[in-house]
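With numbering that gives the first Met the number 0 as the guide, the letters of the sequence shown map in order to residues 0 to 371. Everything on this sheet refers to the single structure shown next.
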Amino acid sequence: MKKLKGWIVLAVVVVIALYLFSLFVNYYGDWLWFNNMGYGSVFDTMILAQVVSFVLFFGIFVLFAAAQVNLAYKQGVHTRNNRFLREDDPRALILPLYQGKRVFWFWMVVVGFFGIVMASSASGHWNQFLQFIHPTAFGVNEPIFGKDAGFYIFQLPVYQFLTGWYLFMVVLAAAMVLFSYYLDNAFGMQGNSFYVSARVKDHMIQLGGFFGVGISALFLMKLYNLLYSSNGVAYGPSYMDVHAQIPAYRVIIVLTLLVSLLLFLYPVYRKKKFLLYSIATWALVWIGFVWIYPSLVEQYVVKPNELKKETPYILNNIKLTREAFGLNKVEMKPFPVTQNITYKDIQENRQTINNIRLWDRRPLIQTYKQLQ
């Protein structure tokens with residue numbers, strides 16, 4: 000047994016050493032190139048941002064996941080040995096080994112591995128994090144939320160990444176917690192029935208509260224992404240988005256946070272029906288207000304009078320497009336036209352005359368139809 004442990008430790012050390020050596024080779028070559036080009040400080044900033052991002056996100060994941068697994072293991076002691084396991088149940092083989100220091104080392108490896116995966120995914124966004132910390136204002140506020148355009152370039156992408164990363168962290172932690180409870184025999188099949196410990200229910204419901212916070216943030220991201228909407232006749236928010244979708248998202252964000260609070264507090268009040276009714280109400284509001292209501296507004300309010308309803312948002316599109324391309328700075332000047340053109344003028348400017356387009360409505364209509 001000691002020899003086996005020694006070989007395992009040696010294998011782990013070799014793998015880590017090879018990984019660190021490959022990192023050194025890759026980064027050392029880049030470091031030489033950047034320094035040779037006179038951009039050594041740029042490379043140092045890049046490496047520092049990657050390292051800080053990795054350490055920060057690794058720490059967040061490990062602290063959250065370890066806290067949840069530790070709680071699950073402590074509560075699993077109540078069911079660890081108080082149920083009969085059949086001989087063909089895989090836990091009958093695992094539980095005798097799942098004791099003492101082995102438990103700590105097992106979960107340290109699992110949590111550490113997923114922590115490295117999650118931290119690596121985050122460190123790849125180091126450039127966005129630097130832009131988030133040092134944003135530049137564009138000096139142009141969009142007309143819907145009143146935010147500077149720089150928010151959507153430098154900050155919103157980071158908020159979107161953090162939302163997705165947070166949700167995935169909660170899902171991974173929940174999976175680890177369930178596996179811990181499974182090993183501790185806190186839920187499973189007993190005969191023909193499925194049993195679940197009350198502690199498992201409480202813990203998973205509270206994790207549902209963490210997940211609900213992430214869902215509310217996801218709806219907030221959807222709210223800001225309506226500025227990229229293509230629902231209307233022009234690119235950007237339409238009448239339906241502003242008067243139906245935005246209010247719907249705001250309502251569902253608040254309602255999601257309230258349901259999350261109820262999930263966190265469930266072990267305090269323990270009213271199962273009240274919690275189920277709250278979740279059902281949330282689902283009905285989501286379906287009715289976020290999905291159905293905007294479609295009704297589009298069908299019965301916008302379409303009967305589309306030009307009038309969409310005109311302000313079309314004008315927003317035109318105005319901001321002109322500003323984006325600098326067309327709002329074009330100066331209009333009258334061109335002095337003379338009516339005394341002679342035959343000699345025509346002959347001397349034959350190339351210009353031949354390039355004049357004739358606006359005949361017959362070929363013009365045909366051409367437009369072909370272009371469309």
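We treat Cβ as the ideally placed atom computed from N, Cα and C, and that holds for glycine. A quick note: this is a predicted structure, and the numbers were derived from the prediction, not measured.
Using only alpha-carbon positions, find the residue among V284, V212, Y26 that is nearest to W164.
Out of V284, V212, Y26, the CA that lies nearest to the CA of W164 is found in V212.
Extract the residue ranges of the beta strand (DSSP E) inside the region 145-224, only unbroken runs of 3 or more that lie entirely within it.
Unbroken beta strand (DSSP E) stretches of 3 residues or longer found wholly inside the region 145-224: 186-189, 192-195, given in chain order.
With a cut-off of 8 Å on the beta carbons, I'd call T78 and S192 a contact; round off their distance for me.
Contact doesn't hold; Cβ gap of about 15 Å is too wide.
Going by beta-carbon coordinates alone, are G208 and S259 separated by less than 8 Å?
With contacts defined as CB atoms closer than 8 Å, G208 and S259 qualify as a contacting pair.
How long is the line joining the alpha carbons of L19 and V169, rounded to whole angstroms?
Whole-angstrom Cα-Cα distance: 29 Å.
Collapsed DSSP secondary structure at N339 in the structure displayed:
Coil, per DSSP.
When burial is assigned at 16 or more other CB atoms within 10 Å of the CB, is Q98 buried or exposed?
An exposed status is given to Q98, since fewer than 16 other beta-carbon atoms sit within 10 Å of its beta-carbon.
Count the other CB atoms, across all protein chains shown, that sit within 10 Å of the CB of Y227; report buried if there are 16 or more and exposed otherwise.
Classification for Y227: exposed.
Whose C-beta lies closer than 8 Å to the C-beta of V139 among residues of the same chain, with five residues either side of it excluded?
The answer, listed in chain order, is D147, A148, L319, E322.
Given S52, which residues of its chain have a CB within under 8 Å of its CB, disregarding the five upstream and five downstream residues?
If we look at S52 and ignore the five residues flanking it on each side, its Cβ neighbours are A118, A121, S122, H124, W125, F128.
For I252 and W285, which I take to be in contact (beta-carbon distance under 8 Å), what is that distance rounded to the nearest angstrom?
Not quite, the Cβ-Cβ distance comes to about 11 Å (not below 8 Å), so this is no contact.
To the nearest angstrom, how far is it from the Cα of L370 to the Cα of G58?
Low confidence applies to L370: its pLDDT is 45, below 50, so where it sits in the model is not reliable, and the reading given next is rough at best. About 57 Å.
Where does N348 sit, in a helix, a strand or coil, going by DSSP?
Coil at N348, not helix or strand.
Looking at the secondary structure, which residues open and close the alpha helix (DSSP H) in which R356 lies?
Counting along the chain, R356 falls outside any alpha helix (DSSP H), and DSSP gives it neither H nor E.
Are there 16 or more other CB atoms within 10 angstroms of the CB of A136, so buried, or fewer, so exposed?
With fewer than 16 Cβ atoms within 10 Å of its Cβ, A136 is classed as exposed.
When DSSP labels each residue in this structure, what does N315 get in the three-state scheme?
Here N315 sits in helix by DSSP.
Using beta-carbon positions only, say whether H202 and L314 come within less than 8 Å of one another.
Going by C-beta atoms, H202 is not nearer than 8 Å to L314.
Alpha-carbon spacing of R90 relative to M107, whole angstroms:
Cα to Cα, R90 sits roughly 20 Å from M107.
Select from Q205, Y248, I204, V232 the residue whose C-alpha is nearest the C-alpha of N224.
Of the residues Q205, Y248, I204, V232, the one whose Cα lies closest to the Cα of N224 is Y248.
Neighbour-count burial assignment, Y27, 16 or more Cβ in a 10 Å radius
With fewer than 16 other beta carbons inside 10 angstroms of its own, Y27 counts as exposed.
For the alpha helix (DSSP H) that Y248 lies in, which residues bound it at each end?
Its alpha helix (DSSP H) spans residues 245-263.
Quick one: Cα of L264 to Cα of L256, how far?
Each residue's CA atom was taken as its position, placing L264 and L256 some 12 Å apart.
Alpha carbons only, please: which of T44, F42, G111 is nearest the one belonging to V61?
Measuring C-alpha to C-alpha distances from V61 to each of T44, F42, G111 identifies G111 as the nearest.
If the criterion is Cβ atoms closer than 8 Å, does the pair E309 and G235 meet it?
With contacts defined by Cβ atoms closer than 8 Å, E309 and G235 do not form a contacting pair.
Secondary structure at N140, three-state DSSP: helix, strand or coil?
In the structure shown, N140 sits in a strand (DSSP, three-state: E or B).
Beta carbon of Y194 nearer than 8 Å to that of G75:
If you check the CB distance, Y194 and G75 do not come in under 8 Å.
Tell me which same chain residues have a C-beta within less than 8 Å of the C-beta of V41, skipping the five on either side of it?
Closer than 8 Å at Cβ, skipping near neighbours: F33.
Locate the alpha helix (DSSP H) running through M45, then write down its first and last residues.
Where M45 is concerned, the enclosing alpha helix (DSSP H) stretches over 39-75.
Determine, using beta carbons only, whether N186 and V199 come nearer to each other than 8 Å.
In the sequence under discussion, the amino acid at residue 186 is Phe, which differs from the Asn named in the question. Yes, Cβ-Cβ distance for F186 and V199 is below 8 Å.
Is the CB-CB distance between F153 and Q130 below 8 Å?
In contact: F153 and Q130 (Cβ atoms closer than 8 Å).
Alpha carbon to alpha carbon, how far is L10 from L262?
Note that residue 10 is Ala in the sequence shown, not Leu. Rounded to whole angstroms, A10 to L262 spans 44 Å at the Cα level.
Applying the 10 Å Cβ sphere with the 16-neighbour rule, what's the burial state of D183?
Of the residues assessed, D183 falls on the buried side of the cut-off, its CB having 16 or more other CB atoms within 10 angstroms.
Whole angstroms is fine: what's the gap from Y276's alpha carbon to V50's?
Each residue's Cα considered, the two are about 46 Å apart.
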